[in-house]
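Engineer: Keeping their order, the protein sequence lines are chains A and B.
In this text, residue positions in the first sequence follow numbering that gives the first Met the number 0: the first is 0, and each later residue adds one.
In this text, residue positions in the second sequence follow numbering that gives the first Met the number 0: the first is 0, and each later residue adds one.
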Amino acid sequence: MGRLSTLFGPERVAVIGASESEGSVGRAITENLLASYEGEVLAVNPNADEVLGLPCHDDITDVDSPSSIDVAVVVVPPHIAVDAIRQSGEVGIENVVVITAGFGETGSDGAARERELREVAEEYDLNLVGPNSLGVMSTPKGLNATFGNEMATEGDISFMSQSGAFVTAVLDWAAERDVGFKDIVSLGNKAILDEGDFVAEWGEDPDTDVILGYLEDIDDGEQFIRTAREVTQDTPIVLVKSGRTDAGASAAASHTGAMAGSERAYEAGLEQAGTLRVESVQELFDYAQILSGQPLPDGEEVAIVTNAGGPGVMTTDAVGDSDLSLAEFTDETFEELRETMPEAANIYNPVDIIGDAPAERFESALSTVLADENVSMAVVVACPTAVLSFEELAEVVVEAQQESGLPVATTLMGGKSVGEGQAILTEAGIPQYFDPARAVNGLDALSEYQSIQAREFEAPETFDVDRDRAREILQSVSHRDTNRLGVEAMDLLEAYGIPTPKGDVVDSPGDAEAVAEEIGEEVVMKIVSPDILHKSDIGGVEVGVPPEEVRDTYEDLVVRARNYQADANIIGVQVQEMADLDAGTETILGMNRDPQFGPLLLFGLGGIFVEVLEDTTVRVAPVSEPEASAMLDDIESAPLLKGARGRDPVDRAALVETVQRLSQLVTDFPAIVELDINPLVATPDGVQAVDLRLTLDQEEL
Amino acid sequence: MTDTLLVTSVEEGIGKTAITLALARAAQEAGKEVGYMKPKGTRLQSAVGKTRDEDPMLARELLDFDAEMHEMEPIVYSPTFIKEAVRGRENPDDLRDRVIENFEDLSADTDLMVVEGSDRLETGGIVDLTDGDIAEALDARVLLVCGYATPGDADQVLAAADQLGDRLAGVLFNGVTESAMDELADDVMPFLESRDVPVFGALPRVQDLAGITVGDLARSLGADVLTNEASTDTHVERFTVGAMGGNKALDQFRRTRDAVMVSGGDRSEVQTAALEASGIKALLLTGGFRPASAVLGRAEKENVPILLVQSDTRTTIDRVEDVLHSGRTRDAETVTRMQELLDDGVDVHSLLELSE
Chain A
0 MGRLSTLFGP
10 ERVAVIGASE
20 SEGSVGRAIT
30 ENLLASYEGE
40 VLAVNPNADE
50 VLGLPCHDDI
60 TDVDSPSSID
70 VAVVVVPPHI
80 AVDAIRQSGE
90 VGIENVVVIT
100 AGFGETGSDG
110 AARERELREV
120 AEEYDLNLVG
130 PNSLGVMSTP
140 KGLNATFGNE
150 MATEGDISFM
160 SQSGAFVTAV
170 LDWAAERDVG
180 FKDIVSLGNK
190 AILDEGDFVA
200 EWGEDPDTDV
210 ILGYLEDIDD
220 GEQFIRTARE
230 VTQDTPIVLV
240 KSGRTDAGAS
250 AAASHTGAMA
260 GSERAYEAGL
270 EQAGTLRVES
280 VQELFDYAQI
290 LSGQPLPDGE
300 EVAIVTNAGG
310 PGVMTTDAVG
320 DSDLSLAEFT
330 DETFEELRET
340 MPEAANIYNP
350 VDIIGDAPAE
360 RFESALSTVL
370 ADENVSMAVV
380 VACPTAVLSF
390 EELAEVVVEA
400 QQESGLPVAT
410 TLMGGKSVGE
420 GQAILTEAGI
430 PQYFDPARAV
440 NGLDALSEYQ
450 SIQAREFEAP
460 ETFDVDRDRA
470 REILQSVSHR
480 DTNRLGVEAM
490 DLLEAYGIPT
500 PKGDVVDSPG
510 DAEAVAEEIG
520 EEVVMKIVSP
530 DILHKSDIGG
540 VEVGVPPEEV
550 RDTYEDLVVR
560 ARNYQADANI
570 IGVQVQEMAD
580 LDAGTETILG
590 MNRDPQFGPL
600 LLFGLGGIFV
610 EVLEDTTVRV
620 APVSEPEASA
630 MLDDIESAPL
640 LKGARGRDPV
650 DRAALVETVQ
660 RLSQLVTDFP
670 AIVELDINPL
680 VATPDGVQAV
690 DLRLTLDQEE
700 L
Chain B
0 MTDTLLVTSV
10 EEGIGKTAIT
20 LALARAAQEA
30 GKEVGYMKPK
40 GTRLQSAVGK
50 TRDEDPMLAR
60 ELLDFDAEMH
70 EMEPIVYSPT
80 FIKEAVRGRE
90 NPDDLRDRVI
100 ENFEDLSADT
110 DLMVVEGSDR
120 LETGGIVDLT
130 DGDIAEALDA
140 RVLLVCGYAT
150 PGDADQVLAA
160 ADQLGDRLAG
170 VLFNGVTESA
180 MDELADDVMP
190 FLESRDVPVF
200 GALPRVQDLA
210 GITVGDLARS
220 LGADVLTNEA
230 STDTHVERFT
240 VGAMGGNKAL
250 DQFRRTRDAV
260 MVSGGDRSEV
270 QTAALEASGI
280 KALLLTGGFR
290 PASAVLGRAE
300 KENVPILLVQ
310 SDTRTTIDRV
320 EDVLHSGRTR
330 DAETVTRMQE
340 LLDDGVDVHS
350 LLELSE
């Protein structure tokens, strides 16, 4: 049992701020608790003797053995809320649900109050929900410590929401659709307990089969990934993360005061965490229902059985749009279908058993295809006809599903005529929709979750690196008046074992010549200035400079830089050995630190692939070898790395290792907020980092 | 016999006032009677009713003088004055006499007179009263304050040295960034010495002198400070404009440091991005739009003040630019800090020719 099990399964609950006054939140909570909660409810309010028939205590210390109170629900006005929480901590109550609003969400005074609340909660090690929360619910004990107007029905879905209003809406909606819940929590301002804590709790809860969440931001993305990755091995997590669009992100920022973070980081982070991300509320519950009601498939092949040609085609399209595929039947199946189905039927997938099919024909066809070893799941699509009873059909589908142990979804395309059929299917946990695409999507979610469960997590490799040297280089920026470092920090890469071309940064033409002579062949020369971001655009890069022209080129580069920006801080010129660009492929490897998920690695092919086609892929670091390797395959232009059009393939192992080493570098140094190696040239014999640009957070150093 | 030191510079906003007053105070602390004068008032403010340079006011307060303002600042180098001088309605000889007369009054019974020059070396030429002319008239030694960025700046120093001739006591570089300091000390200063331009030293650029506090910025702009607890004592040196989407904005904000972010009050995503970047020390919101209260709460949590002005973003940027450029904090603390820097970087006693 998790740390929060008493929060959801308390014996004694105290309402601090219980009230009888009509329309008050204190009354709503007390009433809700009295209505269904099995345990003992205690009322605390110094201004009342009795609340709704309960004797009222002046404060929490007046209650008999206050330390045995499991949950204190705080509903008092904001200016005394923190005191009430402190008192609860003092008497030894572990779980506090703070309904009171008027904290960080309301501005300056509220922010000060929230800071105080956090200090008190930390002092007493409280499990604190909220503040600004609608409350918590748990159906096994009938606990309804919310001020919503509906109690959830019992079920195996646990649900958390960053919006309290959305909880009330969902409960109202769920009541009509027989969607049952185990626990529900409204997260409020997430001062102490956040999404990660509840995911961890429900992961350990045997009565929770599916975890649902509505989130606007994630406090600690890295921690969330770690927790969720473990939980999703047993319990699926389905999330709606709002604020996807720019306008949505702005709305979310106004609502929570937190930066929404980049959509790409969420996409990558939530995917790595093993959660199923959905975009609409409908999908959220579609996924929840099928995940809680149906077994997982062991493949992705779908069989479709229908009495209607058109809807059969629509369903086939939906399969095509999903990550599922249409099953190819074995010969035995064809044979059996040929025997049992009418002549006019189409026995190929999608199986059309034609308009005059009664429930028995469905039963026969469905059992046949589900017995086929090439079939992992099935969709039954039926239109109402005079010879078909949806009620009977529902019964045969339930039977066939249970017999086969494979997941099935239905599309009984009717309104009134579905009637009792709906209840029979729901009872058996088989999702039923009017729209075939929803049924297919649901099955797709099952298949996706199956592949998440099959994932094996490998720890990121730790390379032997020169961390002290790297730290030294980074610290060199601290007494400059910029946050940026460029090629002058190339040694940083060397320190982490990322190969760079021979060369040096010099500040006189004579030194430049000396370096070029040492290299002994044509060199690349680049202006080194933290103020000049796009060196090549201003003529700050010269390629193929023979040693005798190095002096003049030095002069040219400095003049061009000064012409571009008179007061630019020019550190000098980098003289570098030429990378073999003909044999090599230019790639880009970078990192941008996301406010929520931390270091987000980016990989792609350089040049037009990244600039025009934006063909890049991202992962939250640290990444393991398989993850780094998968990044290489993710990009559309991946075949170019494998040696398309007669070229030799690049040294894939070296490229993968470089991704891992950069992952280690940016994980070791949180002060690096962005970093680009562009280009990272990959050849058949290895890789070389040719250019580097990074930004540091001075305060993290 | 009174020793007179005139402090001048080749450009404005280089820390002349702080250096002048710090030197004066150092002399006072060494037991000398010190007087102060700024013959041409150029930093004009008319907030107090009469148009005056604000530097002499600070000098009076800081060095405890009881001299009259009009004595300390005989010429108000105002636009009207300049126009009249060009039209031939000001007599250079009379002006010169007035300066000398006031100087003599002020310098009576002092061991050292510090005379602050005007914004630039050539200012005053229309009435034959450049800082060089004044040094001549008052028989003053001249301290030349310069900034430094690139070796090319030596041209300017040499030209000024030429103009000042034997009056030049030496050059003092101020506000030199860490990245330029080595080059200055290793190459440029020896070079100047070799051309017979004495150099007293170079003072590093320090943050509390380079920037302006958020509180001062708010006062200069007439902005409301919306946060209660977030500290407004932090210094800002530059500004950045939040005009793009949240994530692009975050990239930009992270690349800057000690900056104030200017943006519309209705751009929550830009504001929260600014709160994520440690280089952004304050938010300046325009258009009179109050931010979302959750953003305000967040700012308190991050200890980043939020200022609000009624003007639009374009106008606000111009104002901020002005304030950041010329509005370096001038107060007692600045002078104390400058005194510390001088003690660390320069032989103050020999600069002031204090003989113990």
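Backbone N, C-alpha and C fix where the C-beta goes; we use that ideal spot for every residue, glycine too.
#1: Counting only Cβ pairs nearer than 9 Å, list the residues of chain B close to Thr616(A).
#2: Is the region 175–184 of chain A in contact with the region 218–227 of chain A, if contact means three or more CB pairs nearer than 8 Å?
#3: Indicate the three-state DSSP secondary structure (helix, strand or coil) for Gln595(A) in the structure shown.
#4: Does the beta-carbon of Glu342(A) have 16 or more other beta-carbons within 10 angstroms, so that it is buried, or is it exposed?
#5: Compare the Cα-Cα distances from Arg692(A) to each of Ser291(A), Asn591(A), Asp555(A) and report the closest residue.
#6: Could you name each continuous beta strand (DSSP E) segment of 3 residues or more that falls completely within the region 213–286 of chain B, going from the start of the chain to the end?
#7: Closest to Pro678(A) by C-alpha separation, out of Ala629(A), Ile634(A), Gly583(A), would be which residue?
#8: Check whether the Cβ atoms of Gly245(B) and Ala276(B) lie closer than 8 Å to each other.
#9: Let me see if you follow: with CB-CB separation under 8 Å, is Lys300(B) close to chain A or not?
#10: If you follow the alpha helix (DSSP H) that Asn348(A) is in, where does it begin and where does it stop?
#11: Going by C-alpha distance, which of Leu220(B), Val294(B), Lys300(B) is nearest Val319(B)?
#12: Once DSSP output is grouped into helix, strand and coil, what is the label at Leu163(B)?
#13: Between Ser185(A) and Arg454(A), what straight-line distance do the alpha-carbon atoms span, to the nearest angstrom?
#14: Tell me which same chain residues have a C-beta within less than 6 Å of the C-beta of Ser157(A), skipping the five on either side of it?
#15: Does the Cβ of Glu656(A) have 16 or more other Cβ atoms within 10 Å, making it buried, or fewer, making it exposed?
#16: Kindly indicate the opening and closing residues of the alpha helix (DSSP H) around Asp155(A).
#17: From the beta carbon of Gly286(B), is the nearest beta carbon of chain A less than 8 Å away?
#18: Measuring straight from C-alpha to C-alpha, what distance separates Val24(A) and Gln222(A)?
#19: Can you give me the C-alpha to C-alpha distance between Ser18(A) and Val235(B), rounded to a whole angstrom?
#20: Among the candidates Val622(A), Arg550(A), Lys525(A), whose CA atom is the shortest distance from the CA of Pro598(A)?
#21: Between Arg336(B) and chain A, is the shortest Cβ-Cβ distance under 8 Å, so that the two count as touching?
#22: Does the beta carbon of His254(A) sit closer than 8 Å to a beta carbon anywhere in chain B?
#23: Are Val170(B) and Phe199(B) closer than 8 Å when you measure CB to CB?
#24: What do you reckon, are the CB atoms on Ala242(B) and Leu306(B) nearer than 8 Å?
#25: Following the continuous beta strand (DSSP E) through Thr305(A), name the residue where it begins and the one where it ends.
#26: Measure the C-alpha to C-alpha separation of Asn173(B) and Val574(A) and round it to an integer number of angstroms.
#27: Mind checking whether the beta-carbon of Glu656(A) lies closer than 7 Å to any heavy atom of the ligand SAM?
#28: Would you call the region 523–530 of chain A and the region 27–37 of chain B touching, i.e. three or more CB-CB distances under 8 Å?
#29: How far does the beta strand (DSSP E) with Glu266(A) in it extend, from its first residue to its last?
#30: For chain A, is any of its Cβ atoms less than 8 Å away from the one on Glu275(B)?
#31: What does DSSP give as the partner residues of Asn143(A) in its beta bridges?
#32: Measure the alpha-carbon distance for Val62(A) versus Gly38(A) and round it to whole angstroms.
#33: So which of Gln431(A), Ser403(A), Gly103(A), Ile352(A) has the shortest CA-CA distance to Gly413(A)?
#34: Would you say Glu268(B) and Ala248(A) are within 8 Å of each other, going by their C-beta atoms?
#35: Determine which residues of the region 559–571 of chain A have a Cβ less than 9 Å from any Cβ of chain B, and write them out in chain order.
#36: Under the assumption that Ile84(A) contacts Leu116(A) (Cβ atoms under 8 Å), give the Cβ distance between them as a whole number of angstroms.
Structural biologist: Reading from the atomic positions:
#1: Going along chain B, no residue has its Cβ under 9 Å from Thr616(A), so there is no contact; the nearest lies around 17 Å.
#2: With the rule of 3 Cβ pairs closer than 8 Å, the region 175–184 of chain A does not count as touching the region 218–227 of chain A.
#3: Three-state DSSP puts Gln595(A) in coil, outside helix and strand.
#4: Exposed is the call here.
#5: Comparing Cα-Cα distances from Arg692(A) to each of Ser291(A), Asn591(A), Asp555(A), the minimum goes to Asn591(A).
#6: Within the region 213–286 of chain B, the complete beta strand (DSSP E) segments of 3 residues or longer fall at 237–240, 258–263, 279–285, listed in chain order.
#7: Ranking the options by Cα distance to Pro678(A), first place goes to Gly583(A).
#8: Contact: no.
#9: Taking Cβ atoms only, chain A reaches closer than 8 Å to Lys300(B), which makes this a yes.
#10: No alpha helix (DSSP H) holds Asn348(A); DSSP gives it neither H nor E.
#11: Nearest option by C-alpha distance: Leu220(B).
#12: Looking at Leu163(B) - three-state DSSP - the assignment turns out to be helix.
#13: Ser185(A) and Arg454(A): Cα-Cα distance of roughly 31 Å.
#14: Lys181, Asp182, Trp201, Thr207, Ile210.
#15: Glu656(A) is classed as buried because its beta carbon has at least 16 other beta carbons within 10 Å across all chains shown.
#16: Counting along the chain, Asp155(A) falls outside any alpha helix (DSSP H), though it belongs to the beta strand (DSSP E) covering 153–160.
#17: For Gly286(B), no Cβ of chain A is located within less than 8 Å of the residue's own Cβ.
#18: For Val24(A) and Gln222(A), the distance between alpha carbons rounds to 34 Å.
#19: Taking the CA atoms as reference points, Ser18(A) sits about 51 Å from Val235(B).
#20: The option with the nearest alpha carbon to Pro598(A) is Val622(A).
#21: Chain A contact via Cβ: absent.
#22: By this cut-off, His254(A) is an interface position.
#23: Yes, they are a contact pair.
#24: Cβ distance not < 8 Å, so Ala242(B) and Leu306(B) don't count as in contact.
#25: In the DSSP assignment, Thr305(A) falls within the beta strand (DSSP E) that extends over 300–305.
#26: Roughly 33 Å between the two C-alpha positions.
#27: Judged by which ligands are present, the structure shown has none, so any question about the ligand SAM falls away.
#28: No, the region 523–530 of chain A does not touch the region 27–37 of chain B.
#29: From DSSP, Glu266(A) is part of no beta strand (DSSP E) but of the alpha helix (DSSP H) over 262–271.
#30: With 8 Å as the cut-off, Glu275(B) counts as an interface residue toward chain A.
#31: For Asn143(A), the pairing in a beta bridge is given by DSSP as Met136(A).
#32: Their backbone Cα atoms lie some 15 Å apart in a straight line.
#33: Closest by alpha carbon: Gln431(A).
#34: The answer is yes: Cβ separation under 8 Å.
#35: Legend: CB atoms of the region 559–571 of chain A lying less than 9 Å from CB atoms of chain B belong to residues Arg561, Ala565, Asp566, Asn568, Ile569, Ile570.
#36: With a beta-carbon spacing of about 6 Å, Ile84(A) and Leu116(A) fall inside the 8 Å limit used to define contacts.
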